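**Student:** So for the sequence shown, UniProt numbering puts the first residue at 1; every next one is plus one.
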Amino acid sequence: MSPSIKNTGFSRVATESPSEKSVANEPSTPSTSEKGDLYATSPGILYPVHSLKTFLFAVLASCTLLFWLLTACLPAIDGRSTENLPSTAVLVKGAEPLKAVPVKGAEPLKAVPVKDAKPLKADLAKAAEPLKAVLAKAAQPLKAVLVKDAEPAPAQAASPSGLLEVFQVYQPVLTPRGVTDETIAENGSSNTTAIAPIEVTGSCQALLMEHSFAFSYGLPFVGNYTPPECKFNRVTMNFTVTSRGRQFDRIALMYFGDTEVWRTSTAEPSATGIRWEYIKDMSHYLYFWNSPQTLIFDLGNLIDSTYTAPFNTTLTATFFMDQETDEPASLIIPISTRRGADKAASVFTLPADNATTTVSLPRNANRAVFSVSACGQMTEEFWWSNVLQSVVDTFGPDVGTLYGYSPFREVQVLIDGQLAGVHWPFPVIFTGGINPGLWRPIVGIDAFDLREHEIDITPWLPILSDGAEHSFEIRVVGIVDDGKSSGTLTQTVGSSWLVTGKIFLWLDEDPNSITAGEAPKVLLPEPTIELSHSVKQNSTGANETLTYNVNVKRSLSVSSVVTTQSGRFVSTWTQSLSVTNYGGLIDFGAMQLNNQTTTGNDASLGAGGTQYKSSYTYPLYANSTYSVQPSGNFTIEADLQQGLDLAVQGKSVFPTGLQPFARLPESASLVSSALSGTFLSTRLKGIAQYFGSPAAGVSRSSGRTSQEFSFTGTSLSEGTADSELYYRNVDAVNATVVRDYESLVRVEIGSYERPEDDVANAQMVKGVVSPKAALGRGFGEHKELLVQTNV
1 MSPSIKNTGF
11 SRVATESPSE
21 KSVANEPSTP
31 STSEKGDLYA
41 TSPGILYPVH
51 SLKTFLFAVL
61 ASCTLLFWLL
71 TACLPAIDGR
81 STENLPSTAV
91 LVKGAEPLKA
101 VPVKGAEPLK
111 AVPVKDAKPL
121 KADLAKAAEP
131 LKAVLAKAAQ
141 PLKAVLVKDA
151 EPAPAQAASP
161 SGLLEVFQVY
171 QPVLTPRGVT
181 DETIAENGSS
191 NTTAIAPIEV
201 TGSCQALLME
211 HSFAFSYGLP
221 FVGNYTPPEC
231 KFNRVTMNFT
241 VTSRGRQFDR
251 IALMYFGDTE
261 VWRTSTAEPS
271 ATGIRWEYIK
281 DMSHYLYFWN
291 SPQTLIFDLG
301 NLIDSTYTAP
311 FNTTLTATFF
321 MDQETDEPAS
331 LIIPISTRRG
341 ADKAASVFTL
351 PADNATTTVS
361 LPRNANRAVF
371 SVSACGQMTE
381 EFWWSNVLQS
391 VVDTFGPDVG
401 TLYGYSPFRE
411 VQVLIDGQLA
421 GVHWPFPVIF
431 TGGINPGLWR
441 PIVGIDAFDL
451 REHEIDITPW
461 LPILSDGAEH
471 SFEIRVVGIV
481 DDGKSSGTLT
491 QTVGSSWLVT
501 GKIFLWLDED
511 PNSITAGEAP
521 KVLLPEPTIE
531 LSHSVKQNST
541 GANETLTYNV
551 NVKRSLSVSS
561 VVTTQSGRFV
571 STWTQSLSVT
581 NYGGLIDFGA
591 MQLNNQTTTG
601 NDASLGAGGT
611 QYKSSYTYPL
621 YANSTYSVQP
631 SGNFTIEADL
641 QQGLDLAVQG
651 KSVFPTGLQP
661 FARLPESASL
671 VSSALSGTFL
681 STRLKGIAQY
691 FGSPAAGVSR
701 SSGRTSQEFS
711 FTGTSLSEGT
721 ADSELYYRNV
731 DAVNATVVRD
741 YESLVRVEIG
751 SYERPEDDVA
761 NAQMVKGVVS
771 PKAALGRGFG
781 EHKELLVQTN
791 V
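(1) How would you call residue 341, buried or exposed, if buried means at least 16 neighbouring beta carbons within 10 angstroms?
(2) In the DSSP assignment, what are the bridge partners of residue 651?
(3) State the Cα-Cα distance for the pair residue 754 and residue 738, rounded to the nearest angstrom.
(4) Alpha carbon to alpha carbon, how far is residue 541 from residue 264? Give it in angstroms, no decimals.
(5) When every heavy atom of the ligand ADP is checked, does at least one fall within less than 7 angstroms of the C-beta of residue 166?
(6) What would DSSP say about residue 461, mapped onto helix, strand or coil?
(7) Report yes or no: do three or more beta-carbon pairs, one from the stretch 414-429 and one from the stretch 452-466, lie closer than 8 angstroms?
(8) Output the distance between the C-alpha atoms of residue 123 and residue 519, rounded to the nearest integer angstrom.
(9) Give me the residue from 323, 555 and 291 with the minimum Cα distance to residue 664.
(10) Can you have a look at residue 604 and say buried or exposed, based on whether 16 or more other CB atoms are within 10 angstroms of its CB?
(11) If you scan the stretch 673-746 from start to end, which runs of the beta strand (DSSP E) of 3 or more residues do you find wholly inside it?
(12) Could you spell out where the alpha helix (DSSP H) holding residue 456 opens and where it closes?
(13) Taking the DSSP output, what are the residues bridged to residue 558?
(14) In the DSSP assignment, find the unbroken alpha helix (DSSP H) run with residue 289 in it and report its ends.
(15) Short of 6 angstroms in beta carbon distance, which residues of its chain neighbour residue 616, apart from the five on each side in sequence? Order them along the chain.
(16) Which residues share a DSSP beta bridge with residue 663?
(17) Alpha carbon to alpha carbon, how far is residue 623 from residue 776?
(18) When you compare only the Cα positions, how much space is there between residue 400 and residue 757?
(19) Please classify residue 771: does DSSP put it in a helix, a strand, or coil?
(20) With a CB to CB cut of under 7 angstroms and the five nearest residues on each side skipped, what residues in its chain are close to residue 724?
(21) Suppose only complete runs of 4+ residues qualify. What are the alpha helix (DSSP H) ranges in the stretch 386-423, listed by chain order?
(22) Among all the DSSP beta bridges, which residues are the ones paired with residue 265?
(23) Checking 8 angstroms against the spacing of the C-beta atoms, do residue 309 and residue 269 come in under that value?
(24) Going by DSSP in three states, residue 450 sits in which element: helix, strand or coil?
(25) From residue 585 to residue 593, what distance separates their C-alpha atoms?
(26) Suppose only complete runs of 3+ residues qualify. What are the beta strand (DSSP E) ranges in the stretch 309-374, listed by chain order?
(27) Give the straight-line distance between the Cα atoms of residue 511 and residue 369, rounded to the nearest whole angstrom.
(28) When burial is assigned at 16 or more other CB atoms within 10 Å of the CB, is residue 283 buried or exposed?
(29) Which two residues bound the contiguous beta strand (DSSP E) that contains residue 199?
(30) Closest to residue 590 by C-alpha separation, out of 254, 361, 164 and 546, would be which residue?
(31) Could you tell me which of 297, 275 and 286 sits nearest to residue 255, measuring between CA atoms?
(32) Three or more beta-carbon pairs under 8 angstroms between the stretch 395-412 and the stretch 375-384, yes or no?
(33) Taking only three categories from DSSP, how would you classify residue 219?
(34) Tell me the DSSP secondary structure of residue 381 in three-state form.
(35) How many Å lie between residue 328 and residue 367 at the Cα?
(36) Candidates 742, 522, 211 and 221: which alpha carbon is nearest residue 343's?
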């Protein structure tokens, strides 16, 4: 059966993307010894198992077999390709698909009210029994059965460049060629096309960067940007990357001078190579685009005998005129280390740095919004899976200290030492996180475009407009507990959090006007923190199982009377948030489960009522297990479900996503007359298995990931979802898209399907060399922080 694709409703036109010169810059063909590290392996296995016990037993059996094949065959292979070796499989009687460990009272991907929360102790203890039996069996020598005359596994679909195309699922972006979307091609590869062409005159393009990040730690790309000749009020960026070899996922920050304007991360490459392309609307930064800038792009990377892959990048900007949109900010002020003049990155690293900047604002501002960008790295990459501080040494020195300060994190913004607003971060999972088999070719939610959070600080303008200097500080806090049921916020967390901020200002037309009013009234009740934990011992008295519950609620309100050139009004900023996290570690941390749901409501009220409103929910369910053999070989199994619901009404600092649909005949009138906001809802789920042999330099993974994504326009009344504007549902197995469906304004624009029998059994991956690098626990080292810091 051949792959099929159909397109209806809208025409597809290929967009201009950066040239793939970077492919030509790939490293030269590896030597024979290097090929042994990159290619020497044998085909893997994807098991159709239906219970946790049989699933783990089957995977461990295959790992033992695979290690035997590698140790026996690698000296003879000496770097030569093993594509013609026979496939292997393990016969698993009665095997069934993997199922998630049941969590009583906490359904995956659904918000769980605190009042209905139930501890996981009983369920985790129950889940531990079959797992212990499986691990006990794994300690004995395992045998496997070779399938006679097995055909070699078919290769995954290749892109025109011959590289695996990886992608993030997101809504279409408006470009000069039309409403532009990342979609699936007839050969199963990902590509970027214009699904609804429009006519735009006078557009132009600029090459911002063409650079290979190899040994680039502390060596960001630095270039000069000059505004183009054409007139423009909209700007989109295209970031295209290729990579081949072994490498961790890396974080990247882009600056104009001292101001961070974009944060992204890389996909983990493979021996055969990967490519990805991301298009981002950057029109909210017209303040920068309209004048010459120093562009600094910091993508820290290392190249050595183990990590061989550079990231070859091309960054372009496209400028064009379109229908007038919301007024862009008059001024943007960075809250950063301000090292742009030294051609260096300007990010704070917490808790090591004091993330404070002192600035003086113009006296005629009528609106001010603070945006904060923050993500955890190293021991804080999986902050949502951390344990209570009082139990970090539960499993003793043989297992090591667990990461602590609870699974709760709050990013705080302070003005002159007073709390002005908070950000409870979305748990971005990077492409090396938990299990690499989850993230090919579909990467995690927001992995290529880390979302910023906005806090309206207009109520503070009466004191910020006095012409004096004022301090702006960013903190990241966790919880320190008393070992019982109480805890308090602490400014000490693990290392490290990368944070920056910026202030978007809109100014009155009269430069001599002075904003005045009353000092803000801050209502800041103490957060409600409820904690519990339980430790279960085995027959020898050793701690074997740890369960814990964390429930936090927080609200705040900042209000003042503000007088500007346009008159007098009351400005109010409110936030209400809650989070629940139920977690457990079994068999001395070999298995971990976390079920977390974060919800929040932010609102800005001003002249005429609600100016901006945002409601969000972040459900996350993660279940992972690792096992290690005496040889150092290890396996990781993972079951993940994650979601994002985000409703935005009113004047957001960032593009709302409605702009492309204002140009479509099918939705233009609706957008202009009825829609005042958007609702983004997505759900991602996947299971994956990973085998690593650090000594042999071999690793393979298999997995299945699916994602459903919906982008809807909403009306002002109660944020009611009125019209679905874009929808996508995509499934991938072992780095190959097997199903994909897309619709635009409820009209199907493409569907693709290929038989799963044509998909390779497993894929070779490079990057993870220990459980700790992928999970944040177990043996090995966490990933290094390779972002240029304040020195």
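Glycine included, each C-beta is placed from N, C-alpha and C at the ideal position.
Keep in mind the model is a prediction, meaning the values are calculated, not measured.
**Tutor:** In short:
(1) exposed
(2) Beta-bridge pairing links residue 651 to no other residue.
(3) 5 angstroms
(4) 46 angstroms
(5) As far as ligands go, the structure on display features none, and thus does not contain the ligand ADP.
(6) helix
(7) yes
(8) Confidence at residue 123 is low in this model, with a pLDDT of 47, below 50, so its placement is unreliable and the value that follows should be read with caution. Cα-Cα distance, rounded: 52 angstroms.
(9) 323
(10) buried
(11) 677-693, 698-714, 721-733 and 736-744
(12) Looking at the DSSP string, residue 456 is not in any alpha helix (DSSP H); the run it does join, the beta strand (DSSP E), is 453-456.
(13) 522 and 573
(14) 286-289
(15) 600 and 646
(16) DSSP lists no partner for residue 663.
(17) 13 angstroms
(18) Looking at the two C-alpha atoms, the distance is approximately 43 angstroms.
(19) Three-state DSSP puts residue 771 in a helix.
(20) The beta carbon of residue 724 sits closer than 7 angstroms to those of 710, 712 and 746, all from its chain and outside the five residues before and after it, given in chain order.
(21) If we require 4 residues or more, the alpha helix (DSSP H) runs fully inside the stretch 386-423 come out as 396-399.
(22) 251
(23) yes
(24) coil
(25) 7 angstroms
(26) 311-320, 331-335, 348-350 and 356-360
(27) 20 angstroms
(28) buried
(29) That residue, residue 199, is in no beta strand (DSSP E); it is neither H nor E in DSSP.
(30) 546
(31) 297
(32) yes
(33) coil
(34) coil
(35) If I take the Cα positions, the gap works out to 11 angstroms.
(36) 221
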